[in-house]
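> Structure below; questions to follow.
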Amino acid sequence: MKLKSTFRGDTGTSRSRKIRQEGSIPAVLYGKDIDVKTITVDTKDFKEILKSEGRNAIVDIELDGESYFAMLKDVQTHPITNDILHLEFYNIDRSQKVEVTIPIRLVGKEISKIEGAVVHQLDEVEIRCPSTKIPRQIELDITELTLGHSLHVSDLEKIEDIEILNDPEEMIVSVTTIDEEPEDELEEELTGEEPVLIGSEDDEEAEEPEEDEE
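Those letters in the sequence shown? Residues 23 to 236, by the working numbering.
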């Protein structure tokens with residue numbers, strides 16, 4: 023996808039604020055075989071790309087008659103308003119492979135229909151692939167997931183030209199029984215008794231451990 027940009031010139035907080043007020047986003051373009059370039063891109067155009075391509079978007083940045091094949095590296099947002107404050111693009115070669123992180127999507131069955139407690143331990147994986155073939159997500163079929171079983175990175179769908187860099191045995195999701203409360207706590211409630219301390223008062227004082235300093 024193409025993204026038009028212009029040279030930013032001056033930098034700094036006040037200049038960046040003015041750029042955002044004018045409907046653009048301050049950004050920086052750097053990477054393979056180019057000098058660092060401070061630029062601005064149209065907010066509306068960028069949000070459309072972000073919506074369709076995601077955080078691993080690859081774009082053709084058009085700047086002063088030149089075109090740069092670049093990967094979106096970072097999106098800085100305001101902690102409260104979530105407005106986009108700044109962007110980073112990394113210029114790459116069309117033929118090179120890149121390493122990116124993509125989300126895992128569970129498919130095949132609704133989580134609510136699985137008996138037991140579903141423990142989702144991993145929601146994204148790191149992959150290596152051609153820069154022109156970055157998938158938005160990778161799927162894990164949980165149709166056969168039942169109580170007492172688990173699925174791992176090795177169970178993810180296989181996609182041509184996509185190399186998953188995570189440990190194949192890393193657990194993604196599992197199903198366990200739902201324990202109301204630990205057995206030892208339940209026994210204490212039933213007896214209502216305090217634990218018996220063995221030894222004299224002096225022994226207790228002598229053996230009382232010192233508190234760890236934090």
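Just so it is clear, CB atoms sit at the ideal spot from N, CA and C, and this is done for glycine as well.
Hey, how far is the Cα of Glu84 from the Cα of Met23?
Position 62 of the sequence shown holds residue 84. Position 1 of the sequence shown holds residue 23. Distance between the alpha carbons of Glu84 and Met23: 10 Å.
> I need the boundaries of the alpha helix (DSSP H) containing Asp67, first residue and last residue.
Translated into the one-based positions of the sequence shown, residue 67 becomes position 45. Per DSSP, Asp67 belongs to the alpha helix (DSSP H) from 65 to 75.
> In this structure, how does DSSP classify Thr168 when only helix, strand and coil are distinguished?
Working through the sequence shown from its first residue, we reach residue 168 at position 146. Reduced to three states, the DSSP call for Thr168 is coil.
> Based on the DSSP secondary-structure assignment, which residues constitute the bridge partners of His174?
Within the sequence shown, numbered from 1, the residue matching residue 174 stands at position 152. Bridge partners of His174: Met193.
> Under 8 Å by Cβ, that's how I've got Lys54 and Asp115 pegged, so tell me the actual separation to the nearest angstrom.
Here residue 54 refers to the residue found at position 32 of the sequence shown. Here residue 115 refers to the residue found at position 93 of the sequence shown. So it is a contact: roughly 6 Å between Cβ atoms.
> Less than 8 Å between C-beta atoms, sequence neighbours within five positions excluded: which residues of the same chain meet that for Glu185?
Along the sequence shown, read from residue 1 onward, the residue named residue 185 stands at position 163. Excluding positions up to five away in sequence, the list reads Ile149, Arg150, Cys151.
> Return the chain-ordered list of same chain residues with a C-beta closer than 6 Å to the C-beta of Gly76, the five sequence neighbours on each side being excluded.
Along the sequence shown, one-based indexing puts residue 76 at 54. So the qualifying residues of the chain are Arg158.
> Thr28: which of Lys69, Gln98, Glu88, Val122 sits nearest, CA to CA?
Counting from 1 along the sequence shown, the entry for residue 28 is found at position 6. Answer by Cα proximity: Glu88.
> Measure from the alpha carbon of Asp183 to the alpha carbon of each residue in Gly34, Leu107, Lys119, then state which is nearest.
Along the sequence shown, one-based indexing puts residue 183 at 161. Nearest option by C-alpha distance: Lys119.
> Rounded to the nearest angstrom, how far is the Cβ of Thr123 from that of Glu146, given a contact under 8 Å?
The count along the sequence shown starts at 1 and reaches residue 123 at position 101. The count along the sequence shown starts at 1 and reaches residue 146 at position 124. Confirmed, about 5 Å.
> Apart from the five residues just before and just after Val50, which ones in its own chain have a Cβ nearer than 6 Å to its Cβ?
Translated into the one-based positions of the sequence shown, residue 50 becomes position 28. Excluding positions up to five away in sequence, the list reads Thr60, Glu110.
> Using only the alpha-carbon positions, how far apart do Asp163 and Asn78 sit?
In the sequence shown, residue 163 corresponds to position 141, counting from 1. In the sequence shown, residue 78 corresponds to position 56, counting from 1. Whole-angstrom Cα-Cα distance: 23 Å.
> Would you kindly work out how many angstroms separate the C-alpha atoms of Ile139 and Leu187, rounded to a whole number?
Taking the first residue of the sequence shown as 1, we reach residue 139 at position 117. Taking the first residue of the sequence shown as 1, we reach residue 187 at position 165. According to the sequence shown, residue 139 is Ala rather than Ile. Distance between the alpha carbons of Ala139 and Leu187: 28 Å.
> Could you tell me the boundaries of the alpha helix (DSSP H) in which Ile41 lies?
Counting from 1 along the sequence shown, the entry for residue 41 is found at position 19. Segment 35 to 43, the alpha helix (DSSP H) holding Ile41.
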